[in-house]
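In this note's numbering, the protein residues as written are 25 to 471.
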């Protein structure tokens with residue numbers, strides 16, 4: 025028996041790698057991951073130091089009323105404590121006395137501290153924490169996109185496998201039928217067979233020619249679908265043969281359920297959204313506190329290098345605000361808590377849906393596995409029946425009709441086995457997809 029050239033074989037794992045390396049959706053998923061990282065970087069920008077400068081000048085009727093210039097660096101922090109270092113220089117005949125500074129200008133260093141609302145939880149640090157969750161959410165979305173992509177690719181691969189094997193089976197059977205037809209026709213010519221036997225055998229040959237044409241059509245269409253996932257002009261799928269290990273696998277349901285609870289993209293996304301709501305709750309709770317901010321600046325004039333705190337050369341103040349009824353803040357906090365309860369129920373519902381989907385997929389795998397075993401046993405019996413019928417036909421104890429019937433049953437059983445094997449492997453992929461781990465297994469293939 026001729027050996028198949030290994031270079032023409034294409035395994036499912038090799039096909040997955042082609043999809044990973046070339047398919048546009050795989051490229052998009054990679055871009056989504058990059059976008060997630062930039063989301064965090066963008067949020068960190070709220071804590072970048074800022075160089076700021078304010079300049080005002082007024083002249084009228086040839087007189088310099090005032091020049092005011094204030095340049096400083098502001099450094100925000102995660103705790104919403106802002107540090108400020110700057111230089112101020114002002115002059116003019118009508119300068120506001122509170123803006124008066126020494127002739128050489130005034131250096132200052134200060135701090136602004138919110139001792140109530142906004143100290144621990146404020147818009148900037150909450151947004152940074154949210155961005156990290158959003159990054160994880162985008163990564164999960166990318167995994168989900170790939171999980172769906174590989175399931176579609178899996179369907180295409182096994183449809184190709186199924187139609188290729190059917191074409192091979194029909195073609196092999198047609199070759200045998202043609203040999204038998206030639207033998208019967210020769211028997212009719214020699215007077216050993218009835219002419220009607222030749223006619224009946226000819227109908228069988230014509231029927232299987234049609235079956236071969238249909239099988240070729242299905243194979244060509246499956247190759248076109250396969251090309252939707254390869255996206256590489258250097259690969260000729262028509263020259264490749266699907267390779268498959270026909271042995272079934274022993275799948276453990278509990279391992280799939282446990283993995284899904286911890287890693288399923290949909291469950292993780294709901295958990296992330298719940299965590300974001302918790303940040304909103306903390307932010308809303310902090311807004312119930314008074315808005316009380318203390319500012320303090322140390323002032324240095326000329327060549328001074330230090331100034332005693334709270335005794336001379338300083339500027340300080342505070343701002344205070346607090347709504348007397350806090351209805352807006354308390355209502356917002358309650359709304360967030362209600363949303364959290366809604367998400368708790370969403371998580372429970374999604375968890376049940378996923379567990380049931382995994383159970384359904386597992387049941388399908390288990391049933392198809394049993395059907396394959398039964399079909400293999402049936403195929404052995406079909407072979408035995410055909411051999412026995414052929415022996416009876418050779419001894420003149422049977423007819424072409426019965427022999428063809430046995431032949432058809434045997435081939436139909438072979439085609440049924442091919443269909444079951446393709447369905448079984450698709451069901452395995454559906455089980456992994458329902459668990460959310462199909463993409464993870466493909467990523468492990470990447471060298």
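Ideal Cβ placement from N, Cα and C applies to all residues, glycine included.
Shorter than 7 Å from the beta carbon of residue 161 to some beta carbon of chain D? Any reference to chain D falls outside this structure, which holds one protein chain only.
Using DSSP with H/G/I as helix, E/B as strand and the rest coil, what is residue 93? strand
For residue 25, does the three-state DSSP call read helix, strand or coil? Bear in mind that the predicted position of residue 25 carries a pLDDT of just 39, short of 50, making it unreliable; the figure below should be weighed with that in mind. If DSSP states are grouped into helix, strand and coil, residue 25 belongs with coil.
In the DSSP assignment, find the beta strand (DSSP E) that holds residue 321 and state where it starts and stops. 315 to 325
Identify every residue that forms a DSSP beta bridge with residue 340. 320
Is it right to say residue 25 is buried, meaning 16 or more other beta carbons lie within 10 angstroms of its own, or is it exposed? Unreliable placement is indicated for residue 25, whose pLDDT of 39 sits below 50; no coordinate value is reported for it.
Taking the alpha-carbon of residue 427 as reference, which of 441, 445, 394 and 406 has the nearest alpha-carbon? 406
Between 267, 349, 353 and 354, which has its C-alpha nearest residue 449's C-alpha? 267
Hey, could you find the ends of the beta strand (DSSP E) residue 475 is sitting in? Nothing about residue 475 can be reported from this structure: the residues present for the chain run from 25 to 471 only.
Secondary structure of residue 102, DSSP reduced to three states: The answer is coil: DSSP assigns residue 102 none of H, G, I, E or B.
From residue 48 to residue 227, what does the alpha carbon distance come to, in whole angstroms? Their backbone Cα atoms lie some 48 Å apart in a straight line.
Leaving out five residues on either side along the sequence, give the residues of the same chain with a beta carbon under 7 Å from the beta carbon of residue 64. 155, 156 and 159
Segment contact, 8 Å Cβ cut-off, at least three pairs: the region 337 to 355 with the region 313 to 321: yes
For residue 150, which residues from the same chain have a beta carbon less than 7 Å from its beta carbon, with the 5 sequence-adjacent residues on both sides left out? 303 and 307
According to the Cβ coordinates, are residue 90 and residue 310 closer than 7 Å? no
Apply the 10 Å Cβ neighbour rule to residue 102 and answer buried if 16 or more other Cβ atoms are within range, or exposed otherwise. exposed
Endpoints, the beta strand (DSSP E) within which residue 134 is located: 130 to 138
Going by DSSP in three states, residue 107 sits in which element: helix, strand or coil? In the structure shown, residue 107 sits in a strand (DSSP, three-state: E or B).
Start and end residues, alpha helix (DSSP H) containing residue 231: 219 to 254
Classify residue 88 as helix, strand or coil using the three-state DSSP reduction. strand
With three or more beta-carbon pairs closer than 8 Å as the criterion, would you say the region 177 to 190 touches the region 39 to 57? The region 177 to 190, when compared against the region 39 to 57, does touch it at the 8 Å Cβ threshold.
Cutting at 6 Å between CB atoms, please list the residues of its own chain near residue 221, excluding the five before and the five after it. 208 and 424
Would you kindly work out how many angstroms separate the C-alpha atoms of residue 357 and residue 305, rounded to a whole number? 6 Å
Measuring CB to CB, does residue 396 end up less than 7 Å from residue 189? Cβ distance not < 7 Å, so residue 396 and residue 189 don't count as in contact.
Please confirm whether any heavy atom of the ligand NAD lies closer than 6 Å to the CB of residue 351. The ligand NAD is not part of this structure, which contains no ligands at all.
Buried or exposed for residue 213, please, with buried defined as at least 16 other CB atoms from any protein chain shown within 10 angstroms of its CB. exposed
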